[in-house]
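K.L.:
Below: one structure in structure tokens.
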Amino acid sequence: MSKLHITTSINGDQTEFLCNSDESLLDVLRDRLHLTGAKEGCGSGDCGACSVTLNGRLVCSCLVLAAETEGAEIATIEGMADGEKLHPLQRKFLEHAALQCGVCTPGILVAAKALLEKNPDPTETELRYWLAGNLCRCTGYDKIINAVMDAAAEMRGA
Amino acid sequence: MQYAAPETGQQAAQLLAEGTGISRVLAGGTDILVQMKAGMIEPDLLVDIKNIKGIRDITPEDGGFRIGAAVSGAELNEHAGVCAMWPGVAEAFDLIGSTQVQGRCTLAGNLCNASPAADSVPAIVAAGAIARITGPNGDRDCPVGDIPIAPGKTSLAKGEFVSSILLPARPANASDAYLRFIPRTEMDIAVCSVGVSLTLDASGICTHARVALGAVAPTVLLVEDAANALIGSKLDDAALAALGAACTAACKPINDKRGTIAFREDVTAVLAKRAAGIAQQRAGGPL
């Protein structure tokens, strides 16, 4: 079957690609566009390692078909830092040692950024519920929570 | 697999009606794409309904709200009007999945996936919601509770799909609530669940009620005896005891890894009493 031709915006750049009808957005990001920040953990929407935003909504890119993204605006972890300058969330993750193996980290950063854009001053409980769909098997979560709360405080002050 | 994204409901219905192999509707994709990945289903045609005009809208209608079939959980829970009028529906829908799933999942999809444990379904059944079904011969309306007929099976005919769900108007001193039991605090599937919608009169007596149970039978159960236990009462202890007993009696659960029959029968009664109390408070009672 012929491939679908999709035009979309990824991190502000107009992007065109060809894909199969059953290919996920995650597969296109990683295998066709070589944006390998989003990870495939479970492939079924449970782990959040593939989190991106689609038209401003946090989603699992493994549960989006690439074919659905015609005309959409997608933001991935690759668009988070400003050149060499890390986003405050990224910097605080390093300061707090909020990652070990790092597989969950891009998804958690994208998810945390989406929360802080909606709610710059979340409670710890709100943050923990927001991140319930992002699994981390290394840190035990506390360092992640501390890093996000610290970044949020800094971003409110800035 | 052919992927189609038609711009009208009629085109979508036509595509679904003419599809020769396995055809499926794609809205939020949080069930169908998982099923495809797991190899449970291999559709020949996937009809993405999200480009249909108006299908992502929440529209006031006759004092209630029409929820388009592609409205996500996140969008519905940001709609102040729906959350104020139908807080039980909003809280039930919000319990589904993670933030990421909320960005995509839909009420119509939760209904048509026909899982016995679907969180939003007891709430919309209690609410008396009406599904608008678009098909090759036009639209028809159907109570949402008549759509799931068995686990994974719906009453929709070939070519038909749910294009919107109407949450009806409600009178003053009326509200709803939804509670489920899961063994942890987030990201799990209901072991049993209860949706209650009720109306109080000026003196606080319940004049109308609907009680729906989830995850305790092959499909959602609307329990008339449970509603009758509340109607005419101020939700005193005797009425709540009768409500619980009616719910326990109506349960037809199975034993599985998430809960036993006896546990589900008991906890359904507890949840029903608590949900009725919350709905009563939201309705402005006890008066």
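If you're matching them up, the sequences are chains A and B in order.
Taken in order, the first sequence gives residues 1 to 158; the numbers are from the numbering used here.
Taken in order, the second sequence gives residues 159 to 445; the numbers are from the numbering used here.
Idealized CB from N, CA, C, for every residue including glycine.
Does the CB of C104 (chain A) have a neighbour CB from chain B at under 8 Å?
P.N.:
no
K.L.:
Return yes when the Cβ of T426 (chain B) is within less than 8 Å of the Cβ of V378 (chain B), no when it is not.
P.N.:
Not in contact: V378 (chain B) and T426 (chain B) (Cβ atoms no closer than 8 Å).
K.L.:
Could you tell me the alpha carbon to alpha carbon distance between D189 (chain B) and S361 (chain B), rounded to whole angstroms?
P.N.:
45 Å
K.L.:
Is there a Cβ of chain B sitting closer than 8 Å to that of Y129 (chain A), yes or no?
P.N.:
Yes, Y129 (chain A) lies at the interface with chain B (some Cβ there is under 8 Å from its Cβ).
K.L.:
Would A151 (chain A) pass as a contact of K92 (chain A) if the rule is Cβ separation under 8 Å?
P.N.:
The criterion of a C-beta distance shorter than 8 Å is satisfied by A151 (chain A) and K92 (chain A).
K.L.:
Look at G267 (chain B) and A170 (chain B) and say whether their C-beta atoms are less than 8 Å apart.
P.N.:
No, the Cβ-Cβ distance between G267 (chain B) and A170 (chain B) is not below 8 Å.
K.L.:
Can we say the segment 343-350 of chain B touches the segment 407-427 of chain B, given the rule of at least three CB pairs closer than 8 Å?
P.N.:
yes
K.L.:
Under 8 Å between C-beta atoms, does S230 (chain B) make it to chain A?
P.N.:
yes
K.L.:
How many Å lie between S391 (chain B) and A403 (chain B) at the Cα?
P.N.:
16 Å
K.L.:
Against chain A, which members of the segment 322-345 of chain B pass a CB distance test of less than 7 Å?
P.N.:
E344, M345
K.L.:
If I'm right that N11 (chain A) touches A75 (chain A) with Cβ under 8 Å, what's the distance once you round it to whole angstroms?
P.N.:
6 Å
K.L.:
Whole angstroms is fine: what's the gap from T8 (chain A)'s alpha carbon to Q14 (chain A)'s?
P.N.:
6 Å
K.L.:
Taking C-alpha atoms, which residue in B:K316, B:A228, B:A433 lies nearest to G246 (chain B)?
P.N.:
B:A433
K.L.:
Excluding five sequence neighbours on each side, which residues of the same chain lie with their C-beta closer than 6 Å to the C-beta of G41 (chain A)?
P.N.:
C47, A49
K.L.:
So which residues on chain A does G187 (chain B) lean against when the C-beta distance must stay under 8 Å?
P.N.:
L63, V64, L65, E68
K.L.:
Considering only residues of the segment 393-426 of chain B, which uninterrupted alpha helix (DSSP H) runs meet the minimum length of 4 residues and lie entirely inside it, listed in chain order?
P.N.:
At a cut-off of 4 residues, the continuous stretches assigned as alpha helix (DSSP H) that sit fully inside the segment 393-426 of chain B are 395-408.
K.L.:
So L265 (chain B) and I305 (chain B) are supposed to be a Cβ contact under 8 Å. How far apart are they, rounded?
P.N.:
Actually they are not in contact, since the Cβ atoms of L265 (chain B) and I305 (chain B) sit about 11 Å apart, beyond 8 Å.
K.L.:
Got a sec: is the Cβ-Cβ distance from G197 (chain B) to anything in chain A below 8 Å?
P.N.:
G197 (chain B) does not count as touching chain A.
K.L.:
For chain A, find out if any of its Cβ atoms is closer than 8 Å to the Cβ of M194 (chain B); answer yes or no.
P.N.:
yes
K.L.:
At the 8 Å Cβ level, is D142 (chain A) part of the contact set with chain B, yes or no?
P.N.:
Cβ-Cβ to chain B under 8 Å: no for D142 (chain A).
K.L.:
Hey, out of A:E16, A:H96, A:G45, whose CA is closest to G107 (chain A)'s CA?
P.N.:
A:G45
K.L.:
Are K3 (chain A) and L18 (chain A) touching if we call contact CB-CB under 8 Å?
P.N.:
yes
K.L.:
On the three-state DSSP scale, how would you describe G222 (chain B)?
P.N.:
strand
K.L.:
Per DSSP, C104 (chain A) forms a beta bridge with which residues?
P.N.:
Partner(s): none; C104 (chain A) has no beta bridge.
K.L.:
Quick one: any contact between the segment 382-390 of chain B and the segment 358-372 of chain B, if contact means 3 or more CB pairs under 8 Å?
P.N.:
yes
K.L.:
Say whether chain B places a C-beta atom closer than 8 Å to the C-beta of C138 (chain A).
P.N.:
no
K.L.:
Give the interface partners of Q258 (chain B) over in chain A, defined as CB-CB distance under 7 Å, in chain order.
P.N.:
G45, G48, S51, L58, V59, C60, G133
K.L.:
From the beta carbon of R416 (chain B), is the nearest beta carbon of chain A less than 8 Å away?
P.N.:
no
K.L.:
Out of B:G372, B:G435, B:L429, which one is the CA nearest neighbour of P411 (chain B)?
P.N.:
Of all alpha-carbon atoms in B:G372, B:G435, B:L429, the one lying nearest the alpha-carbon of P411 (chain B) is that of B:G372.
K.L.:
I need the boundaries of the beta strand (DSSP E) containing R57 (chain A), first residue and last residue.
P.N.:
57-60
K.L.:
Measure the Cβ-Cβ separation of P376 (chain B) and P274 (chain B) and say whether it is below 8 Å.
P.N.:
yes
K.L.:
Using alpha carbons as the reference points, say which of B:D395, B:L203, B:C405, B:R416 lies closest to G435 (chain B).
P.N.:
B:D395
K.L.:
At 4 residues or longer, and completely inside the segment 181-241 of chain B: list those alpha helix (DSSP H) runs for me, N to C.
P.N.:
190-195, 231-235
K.L.:
Quick one: Cα of A72 (chain A) to Cα of Q258 (chain B), how far?
P.N.:
17 Å
K.L.:
Please check the pair I216 (chain B) and V229 (chain B), which I expect to be a contact at CB under 8 Å, by giving their CB distance rounded to whole angstroms.
P.N.:
Going by Cβ atoms, the distance from I216 (chain B) to V229 (chain B) rounds to 6 Å, so yes, they are a contact pair.
K.L.:
Would you mind reading off the limits of the alpha helix (DSSP H) that contains P88 (chain A)?
P.N.:
88-95
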